[in-house]
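Visitor: Please find one structure pasted underneath; my questions will follow.
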Amino acid sequence: MVAGRRVAVRGSPVSDDPAAQVDALVAAVGPRLEAPAINRRDVVLVTGPWLAGVTAVVAALRERLPQHKFVESTELGPGDAPIAVAFVVSAAATLTASDCTLLDAAAEHTDTVIGVVSKIDVHLNWPEVVAANRDILAAHATRYGQVPWVGVAALPDLGEPIVDDLVETVAARLAEPEIPRRNRLRAWESRLETVARRMDRDAEGAGRRARVDGLREERSTALRQRRQAKTERTITLRGQIQQARVQLSYFARNRCSSLRTELQEDAAGLSRRKMAGFEAYTRGRVDEVVAEVSAGTNAQLADAAQVLGVPVTLPASKVAENTVTTEKLPTVDVPPPPLKSRRQETWLMMLLGAGFGLGVALTLSRLVGGLVARLSPALAIAGAAACVAIGLAVTFVVIHIRGLLRDRALLDRWAGEVTSSLQSVVEELVATRVLAAESMLSSALIARDDAENAQVADQVSGIDSELREYAIAAARAAAVRDREMPTVKAALDAVRAELGEPGIPPPESPDPDADGGDTDKPASRSANGDDS
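Just so we're aligned, residue 558 is where the sequence shown starts under our numbering, counting upward by one.
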């Protein structure tokens, strides 16, 4: 589109306003595209990096060009756009990436840009800096390839300010009739690029994708932790139950073995008078062992429940009416010790004792008779009587000791039978308690697993719902991009064609400095392709 061309779209009246013409051009491509929401102010923005000399340049321009208004960036409000931008940088160094970003922000909606290199009175190598800045800007964005550059010394340490070239360049640029149209085109370009980037960003959804990845990781982590927790609890339960079964069985057998040894030692040293109380003593010790094994079983199973973190009521105790009552312990059914004498065994023991006593009496009588026969018949009679008495005494002692040893042997055998019965009872007690505890702990773990499964299911359901929402949002964004992006691209190509950027060669114009006719003028500080 050439300058001054009028545009009529779908029967609308032809307008002489350049901005309206540009809007009509874009509306012809995309009628639903929203116009740039900017407030074009008739001011020139002078901006630049820190310590570049912006304030001094603004003051010089205000003094030399009072018919135009020059402002700094702080004097523009949100949405305000200037008609031209003078970008001031110091001649001390070339442009940096942050400087280019600052220029992009300042000239986002403005086409007219003038590059200014300040402090040329101090830095005499400023032409090299200008050349480097031109190359840097051209590499940064093609729109800056034709930006004019001038050198200034707005507030020199010595001499007069050097701002003539800047004043001439600014005045010439502001006098161009194409400024309103090109500024509107540039505003449309910025608007369309922003819309295209937003569509791409919404379709690609970097933040959404990161959130989706996070949700998927959270979902897999929740399920993995749930499986691991269930497996760990199952393994822990089995380990605790096996450990309790082994330890308690060993404890019960060891306690019964200790009691057997203790009872056998007691039985081996019993006197006849203490034998009557040995049965009661043994039964008391048996009850104590049963109670000890029961208490040890309860403690072991309570520790297992504590390790598993499952609050359960042990099978050995019951709670009723706010009071804990101990369950009745099993009893050991043991018959009384067989201490009653058998008649045949008694007769045999008496005969053996009498025979042993008779033998002792006869032996003594022969010995004594041989000695006292020479002395006196009375002594012989007395010796015979003494031998008979000794024989009777030996007979009684033999019978008594034989009976005592028999009773001790019976009690020893009875103690072994008692401890064997006790071992069976306590092993059954341990097995029953462990089995009941395993059942209760398994039930408690199943209840906990069900609760955690429900909780994880709710969590996963929420995550899945959010993932579906993100998938729907991504599909909608992609559909919007596929539907709207061709129109935006076409409008952007049309705007760039009007600007003479990529794809459309700019119209050739004579170079005012190419003829070299102004040879009497001192070397210009405009770095726009001339001697600067």
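By construction, the Cβ of each residue, glycine as well, lies at the ideal position given by its N, Cα and C atoms.
Can you give the Cα-Cα distance for H697 and E774, rounded to whole angstroms?
Guide: 40 Å
Visitor: Verify whether the separation of the beta carbon atoms of V679 and A643 is less than 9 Å.
Guide: no
Visitor: Classify D1068: buried if its beta carbon has 16 or more other beta carbons within 10 angstroms, exposed otherwise.
Guide: Bear in mind that a pLDDT of 42 at D1068, under 50, signals an unreliable position, so the number given afterwards is only what the model happens to contain. Answer is exposed; the Cβ neighbour count stays below 16.
Visitor: When you compare only the Cα positions, how much space is there between Q624 and A617?
Guide: 13 Å
Visitor: State the Cα-Cα distance for the pair I958 and T976, rounded to the nearest angstrom.
Guide: For the pair I958 and T976, the Cα-to-Cα distance works out to about 27 Å.
Visitor: Find the nearest neighbour of G672 within the set V724, P713, G716, judged by alpha-carbon distance.
Guide: V724
Visitor: To which residues of the same chain is A729 closer than 6 Å at the C-beta, ignoring the five residues directly before and after it?
Guide: none
Visitor: Please report the distance separating the alpha-carbon of Y1027 from that of G1057.
Guide: Computed Cα separation, rounded: 41 Å.
Visitor: Taking three-plus beta-carbon pairs below 8 Å as touching, is the region 663 to 672 in contact with the region 638 to 652?
Guide: The region 663 to 672 vs the region 638 to 652: in contact.
Visitor: Could you tell me the distance, in whole angstroms, from the CA atom of W706 to the CA atom of P684?
Guide: 10 Å
Visitor: Which ranges would you report for the beta strand (DSSP E) in the region 815 to 856 if only whole runs of at least 3 residues count?
Guide: none
Visitor: Exposed or buried, which one is E822 when buried takes at least 16 other CB atoms within 10 Å?
Guide: exposed
Visitor: In this structure, how does DSSP classify D637 when only helix, strand and coil are distinguished?
Guide: strand
Visitor: So, for V752: in the same chain, excluding its five sequence neighbours on each side, which residues have a beta-carbon less than 6 Å away from its beta-carbon?
Guide: V1045
Visitor: Can the beta-carbon of Q797 be found less than 9 Å from the beta-carbon of L865?
Guide: yes
Visitor: Are A767 and Q857 closer than 9 Å when you measure CB to CB?
Guide: Result no, Cβ atoms of A767 and Q857 do not sit closer than 9 Å.
Visitor: So G610 packs on A711, CB below 8 Å; how close in whole Å?
Guide: Between G610 and A711 a beta carbon distance of about 6 Å is seen, short of the 8 Å cut, so the two are scored as contacting.
Visitor: From the DSSP output, in three-state form, read off N682 for me.
Guide: coil
Visitor: Let's test the definition: count the other Cβ atoms within 10 Å of the Cβ of L805 and tell me whether it reaches 16, buried, or not, exposed.
Guide: buried
Visitor: Roughly how many angstroms lie between the CA atoms of M756 and L694, to the nearest whole one?
Guide: When rounded, the distance between both Cα atoms is 27 Å.
Visitor: Alpha carbon to alpha carbon, how far is R817 from A966? Give it in angstroms, no decimals.
Guide: 14 Å
Visitor: How about R810 and Q980: do their beta carbons lie closer than 9 Å?
Guide: Q980 sits close to R810, with the two beta carbons spaced by under 9 Å.
Visitor: Enumerate in chain order the residues of its own chain whose CB-to-CB distance from P575 is below 7 Å, with the five nearest sequence positions on each side excluded.
Guide: So the qualifying residues of the chain are P737, R738, R741.
Visitor: Taking DSSP as the reference, what is the three-state secondary structure of T604?
Guide: strand
Visitor: Report the option in T989, E819, D1006 whose CA atom is closest to the CA atom of V846.
Guide: A check of alpha carbon separations from V846 across T989, E819, D1006 identifies E819 as the nearest.
Visitor: What residues match up with T706 in a beta bridge as DSSP calls it?
Guide: First, the amino acid is wrong: residue 706 is Trp here, not Thr. Beta-bridge pairing links W706 to G672.
Visitor: Going by C-alpha to C-alpha distance, which of S828, L780, F627, W607 sits closest to D1015?
Guide: L780
Visitor: In whole angstroms, what is the alpha-carbon distance linking Q782 and A760?
Guide: 33 Å
Visitor: On a Cα-Cα basis, can you pick out the residue from K676, S630, E632, D692 that is closest to L652?
Guide: D692
Visitor: Which residues in the same chain as D714 place their Cβ atom closer than 8 Å to its Cβ, once the five residues preceding and following it in sequence are excluded?
Guide: Counting only Cβ-Cβ distances below 8 Å, and skipping sequence neighbours, we find D678, V679.
Visitor: Using C-beta distances below 7 Å, list every residue in its chain close to A972, excluding the 5 sequence neighbours before and after it, in chain order.
Guide: R817, L820, Q821, A824, T839
Visitor: Counting C-beta neighbours from all protein chains within 10 Å, is the total for T854 16 or more, i.e. buried, or is it exposed?
Guide: buried
Visitor: Sort out for me which residues DSSP pairs S647 with in a bridge.
Guide: In DSSP, S647 forms a bridge with S675.
Visitor: Using CA atoms only, rank isn't needed, just tell me which of A1047, A1051, R1038, V1052 is closest to L754.
Guide: In the sequence as displayed, the identity of residue 754 is Arg instead of Leu. Of A1047, A1051, R1038, V1052, the residue nearest in Cα terms is R1038.
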